[in-house]
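Letter 58 of the sequence shown, counting from 1, is numbered 58 in full-length UniProt numbering, and no numbers are missing. Each residue gets a CB set at the ideal place from its N, CA and C atoms; glycine is no exception.
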Amino acid sequence: MKLLVRSVRVIDKKSPFNGQVKDILIEDGKIRKIGDSLDAGDAQVIDGSGQCVSAGWVDMRVQGRDPGFEHKEDLHSVRETAAHGGFTEIVLLPNTQPVVDTKDTLNYIRHSSFGGLVTLHPAAALTKKADGVDFTEMMDLHQAGAIAFTDGENPVQNADLLLKTILYLRPLNALLINRPEDRQLTLYGQMHEGVASTLVGMKGMPALAEEMMLIRDLKLLEYALEKNTYDTSAPVLHVSLLSTVRAVELIREAKAKGLPVSADIAAHQLAFEDKDLIGFDTNLKVNPPFRSPEDNAALRQGLADGTIDAIVSDHNPHDEESKNLEFDHADFGITGLETAFALSVMHSGLVVDDIVEKLTVQPRRILRLPEVSVAESAAANLTFFDPNAEWVFGRSYSKSKNTPFLGQTLRGKVRGVINNGKQEWFQ
């Protein structure tokens with residue numbers, strides 16, 4: 001591949017060309033030259049006028065569904081969907097069938113993406129079958145290439161198990177990801193507990209369920225580190241999908257103490273409030289649920305001040321049989337890979353440079369991935385986008401269509417991705 005992209009604005013705080021409009025020459029998977037009015041020679045030329053380029057985006061939370069649920073998503077369709085969303089690397093949760101709790105299943109996923117446009121990073125389960133009972137062989141899985149350890153959509157309920165996991169993983173410099181939820185408090189819950197849930201007569205999921213578990217997790221992290229003297233420069237615990245005022249405050253307080261913790265938010269979390277569920281649209285049934293305007297304001301503040309490190313898609317594909325039925329019987333989750341950037345532009349309150357940092361620099365830091373930059377001689381792992389372009393989300397490349405945004409006009413359009421010597425461009 002030899003490619004010249006003309007007149008594209010660099011968005012990369014670590015690049016010497018940050019904020020500048022430049023030509024970028026890419027050859028054999030590397031950035032050969034960045035400059036003005038570069039000679040194209042025999043290179044393919046792309047007009048990047050009005051576009052921006054950054055390091056390739058990383059999504060830290062994707063349900064790939066393969067193996068076991070290929071009718072909802074498979075490894076080919078999730079890579080294609082990720083590329084259209086601007087992501088060149090994605091972390092796949094282990095909630096497949098079988099669960100990613102052995103090296104064989106882990107390697108099946110890893111090997112499927114070698115050399116592809118979108119790199120797959122499988123996270124391994126920390127308990128067998130992700131059921132929260134018995135530990136997996138975490139050292140073997142770590143050595144086999146697991147990017148992190150998590151039971152994915154099953155929050156860890158057993159405090160002793162979580163504590164021992166932190167103690168076990170820390171010497172390996174491995175990451176634990178957990179979503180805080182006390183499932184006794186959310187049992188049979190359908191939406192955020194508040195005025196709206198009372199009006200429609202649905203069982204609520206209280207903010208307390210998230211906050212109690214987060215208090216527990218942070219206390220266990222603090223206790224574990226008091227007993228050991230390990231380097232804490234990288235996060236030990238990553239808290240996924242914050243959604244409440246108090247949860248943001250707890251992460252902020254933990255960071256002020258110096259605890260090695262990081263956090264993310266789903267891009268769609270700020271697009272709706274609990275009152276929007278009054279119409280019983282099952283495509284708005286997510287976990288954590290859409291909450292109050294006060295919670296959303298706190299999340300935006302957390303993004304702005306750095307309390308919340310990363311933005312994820314929380315891509316959670318479901319087929320018609322899982323969504324097109326009564327609200328209380330429908331599964332939680334929406335697809336998110338293709339809309340994560342646009343929703344971040346429209347609802348996060350952040351400037352584009354900061355959105356890009358939460359999709360590139362911070363996920364790589366948390367996951368211990370090598371840094372990627374828009375710089376000469378660097379590997380060409382790039383995302384091209386127009387943050388101001390309006391577009392209609394008329395087609396999804398996911399096998400599942402459980403999204404409330406189909407047919408909607410969004411702002412912030414991905415134009416192309418380059419990775420591993422491959423490229424794909426979009427209208």
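Given Val-53 as reference, the closest of Gln-20, Asn-95, Asn-178 once Cα atoms are compared: Gln-20
Short Cβ contact (7 Å threshold) for Leu-214 with Ala-247: yes
Nonlocal neighbours in the same chain, by C-beta distance under 6 Å from Ala-422, ignoring five residues either side: The displayed chain sequence assigns Lys, not Ala, to residue 422. Only Leu-117 meet the Cβ criterion.
Buried or exposed (CB count within 10 angstroms, at least 16 for buried), Trp-57: buried
Given His-71 as reference, the closest of Ser-398, Val-414, Phe-405, Ser-348 once Cα atoms are compared: Ser-398
Supposed close pair Ile-147, Ser-240 - CB separation, criterion 8 Å: Rounded, the Cβ-Cβ distance is 14 Å, inconsistent with contact.
Residues near Pro-293 by beta carbon distance below 8 Å, same chain, minus five either side: Glu-273
Proximal residues to Ala-196 (C-beta, below 7 Å), its chain only, five neighbours per side dropped: Asp-274, Lys-275, Leu-277, Ile-278
Three-state secondary structure assigned by DSSP to Glu-73: coil
Chain-order list of residues whose beta-carbon lies under 6 Å from that of Ala-330 (same chain, five-residue window excluded): Thr-282, Lys-285, Lys-323
For Thr-127: DSSP bridge partner residues: Phe-135
Burial state of His-111 (16 or more Cβ within 10 Å): exposed
Between the CA atoms of Phe-393 and Asp-47 - distance to the nearest angstrom: 23 Å
Of the listed residues Lys-129, Asn-381, Asp-36, nearest to residue 442 (C-alpha basis): Because the chain is modelled from 1 through 427, residue 442 falls outside the range shown and cannot be assessed.
Residue ranges of each beta strand (DSSP E) within the region 301 to 387, 3 or longer: 310 to 312
Buried versus exposed, by CB contacts within 10 Å (16 or more), Pro-370: exposed
Endpoints, beta strand (DSSP E) assigned at Lys-413: 409 to 419
Check whether Thr-335 and Ser-377 have beta carbons under 7 Å apart: no
Asn-178 - partner residues in DSSP beta bridges: Val-239
DSSP-derived helix/strand/coil call for Leu-25: strand
6 Å Cβ shell around Ala-271 - same chain, five flanking residues per side excluded: Leu-343, His-347
Option in His-84, Asp-42, Asp-59 with minimal Cα separation from Phe-426: His-84
Beta-carbon gap between Leu-3 and Ile-31 smaller than 7 Å: no
Cβ pair Phe-385, Arg-411 closer than 7 Å: no
Outcome for Met-139 when other beta-carbon atoms lying within 10 angstroms are tallied against a minimum of 16: exposed
Alpha helix (DSSP H) segment containing Arg-61, residue limits: Careful: Arg-61 lies outside any alpha helix (DSSP H), inside the beta strand (DSSP E) at 57 to 62.
Assigned secondary structure, Leu-270 (DSSP; H/G/I helix, E/B strand, else coil): helix
Beta carbon of Pro-387 nearer than 7 Å to that of Val-356: no
Outcome for Thr-360 when other beta-carbon atoms lying within 10 angstroms are tallied against a minimum of 16: buried
Lys-257, buried or exposed, once every other Cβ within 10 Å from all chains shown has been counted against 16: exposed
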